[in-house]
Structure formats: C-alpha cells, structure tokens
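Protein chains: 2
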Amino acid sequence: MAEKLLLIEDDPSILRGLQMNLGLEGFQLIAAHDGEEGIEFARSQKPDLIVLDMMLPKIGGIEVIRTLRQVDHDTPIVVLSAKDQESDKVLALSLGADDYVTKPFSVAELVARIRAALRRRRIHQASAQLTFGRITLDLEGRRLLSDGVELESTAREFDLLHHFFQHPGTVFSREQLMQTVWGADHFGTPRTVDNFIARLRSKIETDPDHPHHIETVRGVGYRFNP
Amino acid sequence: MAEKLLLIEDDPSILRGLQMNLGLEGFQLIAAHDGEEGIEFARSQKPDLIVLDMMLPKIGGIEVIRTLRQVDHDTPIVVLSAKDQESDKVLALSLGADDYVTKPFSVAELVARIRAALRRRRIHQASAQLTFGRITLDLEGRRLLSDGVELESTAREFDLLHHFFQHPGTVFSREQLMQTVWGADHFGTPRTVDNFIARLRSKIETDPDHPHHIETVRGVGYRFNP
DNA sequence: GGGGCGATGACAGCGCGGTGACAATCGGGT
DNA sequence: ACCCGATTGTCACCGCGCTGTCATCGCCCC
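Protein chains in written order, with the working numbering: chain A, 1 to 226; chain Z, 227 to 452.
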C-alpha cells in the first residue's frame with residue numbers, strides 16, 4: 001500500500017491542497033515545483049505515479065513528459081491542465097500520459113483517476129466496486145447500481161456518493177464536502193451540498209423522507225451509514 | 227490540551243523569539259540547541275510536534291529528519307529554512323516533514339502551519355473514539371454511544387461532553403465551560419450550562435437523580451468522573 | 001430555619017435543514 | 001454554428017427542533 005506520488009506543481013496553493021487531500025487519501029507525497037525538479041525527482045525517487053501540471057515555469061509540461069518517457073515508459077502520468085488547452089491534451093496523451101484532468105477539478109475525480117491509473121498499470125486485482133447494503137458503485141464504469149440494476153446518476157452525484165463510500169460513518173461538514181468533492185478552488189454556497197444530498201437520497205434511499213444511508217447531523221453536516 | 231512542541235534551533239535570538247511567541251499561543255515548549263539534543267529530546271519527551279531549523283551545527287536538518295523518521299513516523303515536523311534552499315525543502319518533505327516555512331517567516335504563518343499539522347495528525351489518527359465506562363464518543367461520526375447503542379445527542383451536548391472527556395476529573399466553572407464549549411465570543415447566562423448538564427445527565431447517567439459521571443461541585447462548577 | 005445555590009420544566013426565538021423553482025452552464029447532436 | 005436538453009448551482013421560503021432564558025422549586029450547608 002502507501003503509493004508514492006510525485007506532484008509537479010508550481011502553484012503553491014494548489015500544491016498545498018493536493019498535499020492535504022492526497023495525504024488524507026493515504027498516498028505518500030513528493031513535491032516538485034518546476035519541471036526540472038520534477039524530472040530529477042522522478043529519477044531519484046522512483047514514484048509510483050506522477051501528477052503533472054501542464055502550466056509550469058521554465059520547462060513546459062509537454063517537454064517534461066517527453067523527457068520522462070525517454071527513460072521510463074511505465075510510470076503512469078496524470079496531467080492537470082486548464083480546460084481550454086485541447087491541443088495540449090491530445091499531445092500529452094500521445095506522448096504517453098495516461099490520463100487527463102481539467103482544472104478546476106474535484107479531488108474526488110483526481111483521486112479516482114489516480115487510482116484507476118495505478119490499477120491499470122499494476123495487475124492489481126482489487127475489486128473496482130464499492131458496495132454498502134443494496135447500493136453498489138462501479139468505479140470503472142462510474143455507474144450507480146441498486147440491487148444490481150443501474151440508477152441514473154450524474155457526475156457530481158457519483159463523486160459525492162463515492163466520497164461517502166470511502167469514509168463510511170464519518171461526519172463531514174458542507175465545507176469539507178465542497179473542498180473534497182467540488183475541488184479546493186471551487187467557490188459556492190454550502191446550500192448546494194444540501195441539494196445534491198436531496199437528489200442522492202431520492203435515488204438511493206428506500207424511504208427518502210426518513211433517510212437511512214445519508215443522515216443529517218444537525219449543526220454539523222452529513223454522515224453516510226452503511 | 228496544551229500541545230508540547232520541541233524546538234530545534236541553534237540561533238539564540240530566533241529561539242527566544244519562538245519561545246516568546248509560541249508560549250503566548252499556549253504551547254508548552256522544549257528547546258534543543260542542536261540536532262543531537264533534538265533527537266534525544268524527541269525520544270525522551272514525546273512532543274506532539276517538532277519545529278526544526280534546517281541550519282544546524284554538527285548534524286544537519288536533513289539528517290535529523292531521517293533519524294527521527296526511522297523510529298517515529300507520526301510526530302509532525304515543521305521545517306524552518308532560508309528561502310533559497312529549494313532543494314532542501316523538497317528533500318525534507320519527501321523524507322517525511324509535514325510542512326515548510328521559509329525565513330524570514332511571520333509568527334502568524336508558523337502558528338497556522340503548526341496548528342494545521344496538529345489538526346491533520348489528529349484527524350489521521352485511527353482511534354477516533356473516547357470511552358469512559360459504558361459511554362463512548364465516536365468523534366468521526368459525532369455519535370454518542372452507551373454500551374454500543376446510539377443515544378440521540380445534539381451538537382452542543384456532544385461538544386460539552388467531548389470537552390469533559392478530554393479533561394476527566396477536572397472541575398470547570400460555568401464560565402470556563404461557556405468559554406471553551408460555546409466559544410470566547412459567546413455571551414449568555416451561566417444558567418444555560420446547568421440546562422445542558424441536566425440534559426446530558428438524563429441521557430448518560432444510569433440514575434440521573436444521583437449522577438455519577440457529571441458531578442456538581444457546589445460553588446464552583448462541574449466535574450466529569452470516568 | 002434561612003439564605004443561596006443548583007435542578008428542572010416550560011417556552012419563545014431563531015438558526016438550520018429541506019425543498020421546489022429557476023437561472024446558468026455544459027455538452028451533444030444536427 | 002446553433003439549438004435543445006440535461007446538469008449544476010443559487011435562492012427563497014417553510015417548518016421543525018435546538019438553544020437559551022426565566023421562573024419556580026427543592027435541597028444543601030451554614
């Protein structure tokens with residue numbers, strides 16, 4: 001366990017957010033602040049996966065991927081980039097990046113992609129499913145199943161429920177959920193969380209008026225019960 | 227409460243500054259003047275967090291981190307260093323330091339990072355439960371359990387009992403409880419405390435008329451007995 | 001027996017969460 | 001490029017239950 005990730009990210013605030021969130025996810029982290037450092041650490045530290053921001057001072061992200069892939073074809077690379085850089089995306093993937101997340105991104109999505117990339121690379125046979133009660137999350141297909149039959153769920157709904165499934169029994173404030181599911185750089189009212197909770201309840205709860213799985217903790221936030 | 231910090235700092239003037247400022251923040255302080263002393267005190271004194279200056283005589287900061295992490299992977303380490311030592315920074319973090327502050331630093335920033343590191347560790351700790359007798363507080367789920375079955379409890383009730391659990395056997399005046407549980411900026415009558423004590427007693431005491439856990443100390447306040 | 005302190009039940013205010021409607025945004029298809 | 005539907009996010013209003021205060025009663029200690 002305890003996969004070692006190399007984060008190549010020059011923006012200190014995003015870096016801190018990543019370190020905190022990915023740290024909580026149980027990853028061991030190494031941080032590089034520009035492309036040069038990134039290449040150096042990729043060689044010296046042998047990370048299990050590299051998270052690379054395309055917007056870098058000095059050497060650009062494309063150049064970093066090219067250099068890395070000259071000596072190492074195996075370590076998965078997950079790329080972060082602004083959403084309008086479509087050309088970068090294609091180029092990065094063709095150079096050997098494994099996956100691509102556009103900013104602003106939710107930590108849940110990033111984590112999902114990191115885990116997926118790690119899983120793909122290893123022959124790690126862990127079940128790509130999380131099940132509590134009659135509800136199952138198919139992580140690979142990003143599908144929500146109840147008793148094996150699919151329930152329609154949107155991206156946010158899935159991410160939110162995924163986060164709850166990863167931390168059953170723990171209370172989260174609306175602010176915490178905003179941070180981890182919507183992303184550290186997202187700004188919005190806490191009320192939005194309520195709405196998605198309501199939508200999830202209407203789908204997964206047997207009796208949405210008396211929810212069992214997603215419980216309200218008054219004055220604090222919400223808790224997921226298995 | 228009163229977290230114990232170990233300061234490893236050879237410069238006497240910086241050390242004095244840290245002692246004064248961090249002392250005022252309510253931390254308990256231990257000072258080591260070089261790396262050897264630091265390692266020794268880290269082992270003997272079991273501090274809650276270590277503040278480490280990278281510029282040290284004899285053994286360097288990197289070496290100190292490496293040595294500390296061989297036996298102890300948990301105690302957070304916050305590193306101080308001159309701002310141009312970028313490589314040290316990354317190396318320190320990859321060796322297991324938790325956070326990094328560059329000199330010249332503001333005390334406010336250092337304090338913020340210390341508190342963040344302490345909080346992160348507390349969250350990360352597995353056993354988020356406090357148990358006395360048949361009563362258990364599940365801190366992650368914010369649940370109050372008696373013999374393992376959940377008792378309904380409101381936010382305030384939980385916070386108040388949580389405070390008692392953290393200081394068993396200590397008498398608190400109503401004013402102190404108001405300050406710590408309700409918050410320093412809260413204004414209200416001391417009678418409110420009585421009410422919440424009564425509500426807690428009715429829930430957790432076997433015989434609420436002759437309370438055992440939450441004892442009245444006439445003329446003073448209340449005390450929690452395990 | 002008296003004074004003072006704590007216990008407790010009642011109650012009013014309001015803060016908090018639930019929810020439906022709507023606006024903004026995204027994305028896919030033609 | 002345009003349109004249309006789905007998704008996402010915000011707002012406002014409603015209703016409930018927590019919270020805090022008061023008044024009264026009881027009890028302990030002097």
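Glycine included, every Cβ here is placed at the ideal spot set by N, Cα and C. Every value quoted in this text rests on a predicted model; they were computed, and no experiment measured them.
- Going by beta carbons, Met-55 (chain A) and Ala-82 (chain A) fall inside the 8 Å limit.
- The DSSP-derived three-state label of Phe-450 (chain Z) is strand.
- Only residues of its own chain outside the window of five on either side were considered, and among them Arg-400, Leu-403 have a CB closer than 6 Å to the CB of Val-419 (chain Z), listed in chain order.
- By alpha-carbon distance to Pro-57 (chain A), the top candidate from A:Leu-137, A:Asp-34, A:Asn-195 is A:Asp-34.
- By the Cβ rule, the segment 196-216 of chain A does not count as touching the segment 246-257 of chain Z, because fewer than three pairs are nearer than 8 Å.
- Proximity to Val-407 (chain Z) across Z:Asn-421, Z:His-388, Z:Gly-395 peaks at Z:His-388, based on C-alpha coordinates.
- By the Cβ criterion, the segment 359-372 of chain Z is not in contact with the segment 323-336 of chain Z, since fewer than three pairs of Cβ atoms, one from each stretch, lie closer than 8 Å.
- Positions of the beta strand (DSSP E) runs, each at least 3 residues long and wholly inside the segment 343-403 of chain Z, are given as 355-358, 361-364, 369-372, 375-377, 397-399 in order along the chain.
- Ile-77 (chain A) is positioned such that its CB atom lies closer than 8 Å to that of Leu-52 (chain A).
- Ile-430 (chain Z) and Leu-377 (chain Z) have their C-alpha atoms spaced approximately 8 Å apart.
- The Cβ of Ala-381 (chain Z) sits closer than 8 Å to at least one Cβ of chain A.
- Not flagged as an interface residue toward chain A: Gly-414 (chain Z), since no C-beta distance is shorter than 8 Å.
- Contact of Val-217 (chain A) with chain Z by beta-carbon distance below 7 Å involves Arg-368.
- Taken in chain order, the whole beta strand (DSSP E) runs of length 3 or more contained in the segment 230-318 of chain Z are 230-234, 254-258, 275-279, 303-308.
- Just so you know, the alpha carbons of Gly-264 (chain Z) and Ile-214 (chain A) end up roughly 47 Å apart.
- Taking C-beta atoms as the reference points, Val-171 (chain A) and Gly-367 (chain Z) count as a pair closer than 8 Å.
- By the neighbour-count criterion, in which 16 or more other beta carbons inside 10 Å mark a residue as buried, Gln-355 (chain Z) falls on the exposed side.
- Listed along chain Z is no residue with a C-beta nearer than 8 Å to that of Thr-136 (chain A); the closest approach is about 23 Å.
- With distances taken between CA atoms, Glu-335 (chain Z) lies nearest to Z:Leu-244 out of Z:Leu-244, Z:Ser-428, Z:Gly-374.
- Rounded to whole angstroms, the gap between the alpha carbons of Pro-12 (chain A) and Met-246 (chain Z) is 29 Å.
- For Val-220 (chain A), the nearest beta carbon of chain Z is closer than 8 Å to its own beta carbon.
- In its chain, beyond the 5 residues on either side, Glu-383, Leu-386, Leu-387, Ile-440 have a beta carbon closer than 7 Å to the beta carbon of Leu-426 (chain Z).
- Residue burial annotation: Pro-47 (chain A) is buried, with at least 16 other C-beta atoms found within 10 angstroms of its C-beta.
- In the DSSP annotation of this structure, the continuous segment of the alpha helix (DSSP H) that includes Val-419 (chain Z) starts and ends at 417-430.
- Any Cβ of chain Z closer than 8 Å to the Cβ of Thr-75 (chain A) would place that residue at the interface, and such an atom is absent.
- Residue environment for Ser-379 (chain Z): buried (at least 16 other C-beta atoms within 10 angstroms of its C-beta).
- Just so you know, the alpha carbons of Ile-340 (chain Z) and Leu-275 (chain Z) end up roughly 8 Å apart.
- Any Cβ of chain Z closer than 8 Å to the Cβ of Arg-223 (chain A) would place that residue at the interface, and such an atom is present.
- Residues of the segment 162-176 of chain A that bring their beta carbon within less than 7 Å of a beta carbon in chain Z comprise Gly-169, Thr-170, Val-171, in sequence order.
- Gly-447 (chain Z) is classed as buried because its beta carbon has at least 16 other beta carbons within 10 Å across all chains shown.
- For Phe-450 (chain Z), the closest of Z:Pro-416, Z:Phe-391, Z:Arg-444, Z:Gly-409 by C-alpha to C-alpha distance is Z:Phe-391.
- By the neighbour-count criterion, in which 16 or more other beta carbons inside 10 Å mark a residue as buried, Asp-411 (chain Z) falls on the exposed side.
- In this structure, the beta-carbon distance from Ala-381 (chain Z) to Gly-219 (chain A) falls below 8 Å.
- Contact check for Leu-95 (chain A) against Ile-65 (chain A) passes: the beta carbons are separated by less than 8 Å.
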